[in-house]
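Protein chains: 2
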Amino acid sequence: MGSVVIVRSWNSRAPSALKFDIARRGRTLATDCKDCPLRRLELFRDFSPEELRFMQRFKTGEMQVEAGTTVLLEGAKAPQLYTVLRGMGVRSKALGSGRRQVLNFALPGDFLGLQAAMMAEMTYSVEAVTPMRLCAFRRSDIWDLYKRFPERAFDLTWAGALEERFLGEALTSLGQRPARERTGWALHTLYRRLQALGLEHRTEGVPFPFRQQDLADALGLSLVHTNKTLARLRAEQLLTWEDGRLRIPDPDRLAEACGVEPTEPGPRPLI
Amino acid sequence: MGSVVIVRSWNSRAPSALKFDIARRGRTLATDCKDCPLRRLELFRDFSPEELRFMQRFKTGEMQVEAGTTVLLEGAKAPQLYTVLRGMGVRSKALGSGRRQVLNFALPGDFLGLQAAMMAEMTYSVEAVTPMRLCAFRRSDIWDLYKRFPERAFDLTWAGALEERFLGEALTSLGQRPARERTGWALHTLYRRLQALGLEHRTEGVPFPFRQQDLADALGLSLVHTNKTLARLRAEQLLTWEDGRLRIPDPDRLAEACGVEPTEPGPRPLI
DNA sequence: CGGCGAGTTGATTTTCATCAAACACTGTGG
DNA sequence: CCACAGTGTTTGATGAAAATCAACTCGCCG
Numbered sequence: 001m002g003s004v005v006i007v008r009s010w011n012s013r014a015p016s017a018l019k020f021d022i023a024r025r026g027r028t029l030a031t032d033c034k035d036c037p038l039r040r041l042e043l044f045r046d047f048s049p050e051e052l053r054f055m056q057r058f059k060t061g062e063m064q065v066e067a068g069t070t071v072l073l074e075g076a077k078a079p080q081l082y083t084v085l086r087g088m089g090v091r092s093k094a095l096g097s098g099r100r101q102v103l104n105f106a107l108p109g110d111f112l113g114l115q116a117a118m119m120a121e122m123t124y125s126v127e128a129v130t131p132m133r134l135c136a137f138r139r140s141d142i143w144d145l146y147k148r149f150p151e152r153a154f155d156l157t158w159a160g161a162l163e164e165r166f167l168g169e170a171l172t173s174l175g176q177r178p179a180r181e182r183t184g185w186a187l188h189t190l191y192r193r194l195q196a197l198g199l200e201h202r203t204e205g206v207p208f209p210f211r212q213q214d215l216a217d218a219l220g221l222s223l224v225h226t227n228k229t230l231a232r233l234r235a236e237q238l239l240t241w242e243d244g245r246l247r248i249p250d251p252d253r254l255a256e257a258c259g260v261e262p263t264e265p266g267p268r269p270l271i
Numbered sequence: 001m002g003s004v005v006i007v008r009s010w011n012s013r014a015p016s017a018l019k020f021d022i023a024r025r026g027r028t029l030a031t032d033c034k035d036c037p038l039r040r041l042e043l044f045r046d047f048s049p050e051e052l053r054f055m056q057r058f059k060t061g062e063m064q065v066e067a068g069t070t071v072l073l074e075g076a077k078a079p080q081l082y083t084v085l086r087g088m089g090v091r092s093k094a095l096g097s098g099r100r101q102v103l104n105f106a107l108p109g110d111f112l113g114l115q116a117a118m119m120a121e122m123t124y125s126v127e128a129v130t131p132m133r134l135c136a137f138r139r140s141d142i143w144d145l146y147k148r149f150p151e152r153a154f155d156l157t158w159a160g161a162l163e164e165r166f167l168g169e170a171l172t173s174l175g176q177r178p179a180r181e182r183t184g185w186a187l188h189t190l191y192r193r194l195q196a197l198g199l200e201h202r203t204e205g206v207p208f209p210f211r212q213q214d215l216a217d218a219l220g221l222s223l224v225h226t227n228k229t230l231a232r233l234r235a236e237q238l239l240t241w242e243d244g245r246l247r248i249p250d251p252d253r254l255a256e257a258c259g260v261e262p263t264e265p266g267p268r269p270l271i
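For the protein sequence lines, the chains are A and B, in the order given.
For what it's worth, full-length UniProt numbering labels the leading residue of the first sequence as 1, then goes sequentially.
For what it's worth, full-length UniProt numbering labels the leading residue of the second sequence as 1, then goes sequentially.
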């Protein structure tokens, strides 16, 4: 390890990608685990020095991808697993009909590819929505990790359980809540996550680079209805979302108004 | 270990529970892991003799519960974890409004309580719908398992990944498919699972002890609409569901008619 | 300038929820 | 034996929520 690989986008989201890419191509030094900016966040559990050394060896490199890149593809066997260092993306499942379901948003600190590590293939795709920097691991090293570092194996299971918990909440929102509450729940939850990552600006809210279509696909609502629901929440002064930034002046009030039960993030392991 | 504990129902599903319970109370011999009927199924991966010995020690006993019993409670710290040996149940989340979302159905071979093992508490409940027999483990032994038996730790993570995958599919169904397809998807999936467990009778289909309300809560549909949708699928000769049995004469045709992508179960670990 | 992607808004149609009233079946007690 | 209450299923009538269709805006880029 020690170098960064740049991957070019294949889709239309970043039309001017090529030029930019070529300009930057080359091998840059990857960040050392001990300097990882994520580790400093309170959100994440502390590493022991020993764990740190192990992870450093486990890490095979870093990957920089542009907006629009498919990081992991549904149905494919991924040889690499990733932890998000910077940037955001969406995890989604495509249907034959051309529709898609956004299962979750991929934020810094998220581990990508647990399914690929366990079963043969991924059952959903991960696509970058902004440029992303990913910390890469070899899938085949996972077994070694289980044998030699049970603490880290435990953390992997934890990550899986956390995802299971989130999906359970999402399912409950889609199944039982009307559009307004559903939308409020999603934005509240994302806001809290971004806040915990230290991305909140005092007056400007948090960066929120998604399209309304992404949110609509996450909530199981049509684009038009999502738009009107957002307008309603805005009229209620609960939030604003413009120019790629989400502002929620009073998250507790939004939670209250949308019947979201509070669920503090608590320290979680970083992988 | 070696004895069975009988737990009494507290809710109204089994009005005559008390009498029955007292008659049966007492300590019966628990089944030995090596005689576990589930192990014989092709669905599950084989155990090595060593694994078998370990699991035998890990197991702390068996629990027999009646229909209506809450096996694990949302929000509570569960000191015990379980594998379902016999019987069925539902995993569900309750909302303040009195509504609930059924996240999944608990069938033989399912591991219950992964969340409790990892985080502090369960985020959903598990309730028995029929009498159930559960294989019990001590939560506090989990860490020992990670240190001493990485194979089994890996299997635990696998179980989490499988659940994640299922929830992703469920979310996609609720978010993107209309009532008819959603219903067809759910019944098709459950039929396949029950089939793999060897519960299919040649002409009588599979046992299906749930109420329409359970299915409605799983699909995010009203009871009435679920009923009408079932009537439609029945009129299309795709399935019948009566007297607690589900029959799907041609599962492939149902899958085709409801746009379900095929997903074979494949060997999975038993915990 | 024209074209494209993303957001916005109004009109119309469809799906699904709610309300209401039966029916079938079971166990219970008079 | 029959009335009854309770639970689960079924069906029809009505209304609300959300999808679809269509048009228009705005900013951006070639």
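Don't be surprised by glycine CBs; every beta carbon is placed ideally from N, CA and C.
Nothing here was measured: the structure is a model prediction, and the numbers come from that model.
CA nearest to the CA of residue i, picked from the options
| i | options | result |
| --- | --- | --- |
| ASN104(A) | MET63(A), LEU246(A), ARG245(A) and GLY168(A) | GLY168(A) |
| LEU239(B) | HIS188(B), HIS201(B) and GLU200(B) | HIS188(B) |
| ARG245(A) | GLY266(A), HIS225(A) and LEU190(A) | LEU190(A) |
| ALA196(A) | LEU107(A), LEU95(A) and GLU50(A) | LEU107(A) |
| ALA94(A) | ARG39(B), VAL260(B) and GLU242(B) | VAL260(B) |
| LEU215(B) | TRP241(B), ALA257(B) and GLY109(B) | TRP241(B) |
| GLU256(B) | TRP185(B), ARG152(B), LEU43(B) and CYS33(B) | TRP185(B) |
Residue i burial status per 10 Å Cβ neighbour count (16 or more: buried)
| i | result |
| --- | --- |
| VAL206(B) | buried |
| THR83(B) | buried |
| GLY113(A) | buried |
| VAL126(A) | buried |
| VAL224(A) | exposed |
| ALA231(B) | exposed |
| ASP217(B) | buried |
| ASP155(A) | buried |
| ARG202(B) | exposed |
| ARG25(A) | At ARG25(A), the pLDDT of 36 sits below 50, so the modelled position is not reliable; the number obtained from the coordinates is stated separately. Looking at its Cβ environment, which holds fewer than 16 other Cβ atoms inside 10 Å, ARG25(A) is exposed. |
| THR263(B) | exposed |
| GLY98(A) | exposed |
| SER222(B) | exposed |
| ARG177(B) | buried |
| GLN56(A) | exposed |
| ALA117(B) | buried |
Short CB-CB distance (under 7 Å) between residue i and chain A
| i | result |
| --- | --- |
| LYS147(B) | yes |
| TYR191(B) | no |
| THR83(B) | no |
| LEU270(B) | no |
| ARG165(B) | yes |
| TRP158(B) | yes |
| LYS77(B) | no |
| ALA255(B) | no |
Per-residue DSSP class, three states only, for residue i
| i | result |
| --- | --- |
| MET55(B) | helix |
| PHE105(B) | strand |
| CYS258(A) | coil |
| TYR124(B) | coil |
| SER173(B) | helix |
| LEU223(B) | helix |
| LYS93(B) | strand |
| MET63(A) | strand |
| ALA30(B) | coil |
| LEU246(A) | strand |
| GLY184(B) | helix |
| ARG133(B) | strand |
| ARG194(B) | The question names Arg, but residue 194(B) is Leu in the sequence shown. LEU194(B) falls in the helix class under three-state DSSP. |
| GLN80(A) | strand |
| THR203(A) | coil |
| ILE22(A) | In this prediction, ILE22(A) has a pLDDT of 32, which is less than 50 and means its spatial position is unreliable; nothing more can be read from the coordinates. |
| PHE111(B) | strand |
| LEU41(B) | coil |
| LEU238(B) | coil |
| LEU72(A) | strand |
For residue j and residue i, believed in contact at Cβ under 8 Å, the rounded distance
| i | j | result |
| --- | --- | --- |
| residue 282(B) | SER92(B) | What the structure shows of chain B is the stretch from 1 to 271, and residue 282(B) is not part of that stretch, so it cannot be assessed. |
| GLU180(B) | LEU233(B) | The sequence given here has Arg at residue 180(B), not Glu. The Cβ separation is near 7 Å, so the contact holds. |
| ALA128(B) | GLY68(B) | 6 Å |
| THR157(B) | GLY160(A) | 6 Å |
Residue i at chain B interface by Cβ criterion, 7 Å
| i | result |
| --- | --- |
| PRO49(A) | no |
| ARG99(A) | yes |
| LEU114(A) | yes |
| LYS228(A) | no |
Residue i CB to nearest heavy atom of the ligand COA below 6 Å
| i | result |
| --- | --- |
| GLY61(B) | Of ligands this structure carries none, so the ligand COA is not represented either. |
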